[in-house]
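Residue numbers for the sequence shown follow the numbering used here, beginning at 34 and rising by one.
Cβ coordinates follow ideal geometry from the N, Cα and C atoms, glycine included.
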Amino acid sequence: MAWEKIVKRIGVGCCPECQSLGFDYQEGANPHDDERAAVLCPNCGWKGMLGQMRIIPEPGTNGASQKMSDMKRTSLIALLVRLVGFTLGGAVLGFAAMLIGTSFLGGVQGGIHSDWTLVVLLGILVCFALGGVAGAKGATRLVKSWRS
Ligand SMILES: [Zn+2]
Numbered sequence: 034m035a036w037e038k039i040v041k042r043i044g045v046g047c048c049p050e051c052q053s054l055g056f057d058y059q060e061g062a063n064p065h066d067d068e069r070a071a072v073l074c075p076n077c078g079w080k081g082m083l084g085q086m087r088i089i090p091e092p093g094t095n096g097a098s099q100k101m102s103d104m105k106r107t108s109l110i111a112l113l114v115r116l117v118g119f120t121l122g123g124a125v126l127g128f129a130a131m132l133i134g135t136s137f138l139g140g141v142q143g144g145i146h147s148d149w150t151l152v153v154l155l156g157i158l159v160c161f162a163l164g165g166v167a168g169a170k171g172a173t174r175l176v177k178s179w180r181s
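Written as structure tokens, this is what we have:
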């Protein structure tokens, strides 16, 4: 594997004199010479071979991936919270609508077999959806207030 690739893979070339990151190839240098390639520091003008440079781990690589997994976990929790909130809110409102709807149907002539059944069913569905959305929003807000 070419030295340059190793440097890129495991970290960044770092000037041995001034510790600044990055390097330039000297004029006429052949990057394919790998560690014997002539490089210079763009910061302090140090000249040497690529192999003489210090290699330090890519700054922020670990931190970034840590943050990524944190974000993934957070969004997963948020998703779960929303799901639970949706189910609870939808169940409560849907159940309430069903109670109201069935008692309403009980008072209507023809009962469950009347045309109103469809309307009531639709109402239950709408209430379920509304309750679900409200529940999801409420649950998210609740979790956020817990965290802060
Ligand atoms: Zn330097």
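Beyond the five residues adjoining it in sequence on each side, T173 comes within less than 8 Å, by CB distance, of A111, V114, R115, G118 in the same chain, given in chain order. Taking the Cα of L151 as reference, the smallest distance to any Cα among V166, L163, G134, M104 is reached at G134.
Between L163 and L126, the C-beta spacing is below 8 Å. Separation of W179 and S108 (C-alpha to C-alpha, rounded to the nearest whole angstrom) is 16 Å. If you look at R69, you'll find it isn't in any beta strand (DSSP E); DSSP assigns it neither H nor E. Note: C47 is bridge-paired with L54, R87 in the DSSP secondary-structure output. When rounded, the separation of the alpha-carbon atoms in I88 and C77 is 17 Å. In this structure, the straight-line span from the alpha carbon of C48 to that of P90 is close to 13 Å. Taking the C-beta atoms as reference points, S102 is found no nearer than 8 Å to C74.
Only residues of its own chain outside the window of five on either side were considered, and among them W36, D67, E68, R69 have a CB closer than 8 Å to the CB of G84, listed in chain order. Sequence-distant Cβ neighbours of T120 in its own chain, meaning closer than 8 Å and more than five residues away, are G165, G168.
The secondary-structure analysis by DSSP pairs K80 across a beta bridge with L73. Remark: C-beta atoms of V45 and G55 approach each other more closely than 8 Å. If you draw a straight line from the Cα of G123 to the Cα of C160, it is about 7 Å long.
Within the model, the alpha-carbon separation for F128 versus K170 is close to 19 Å.
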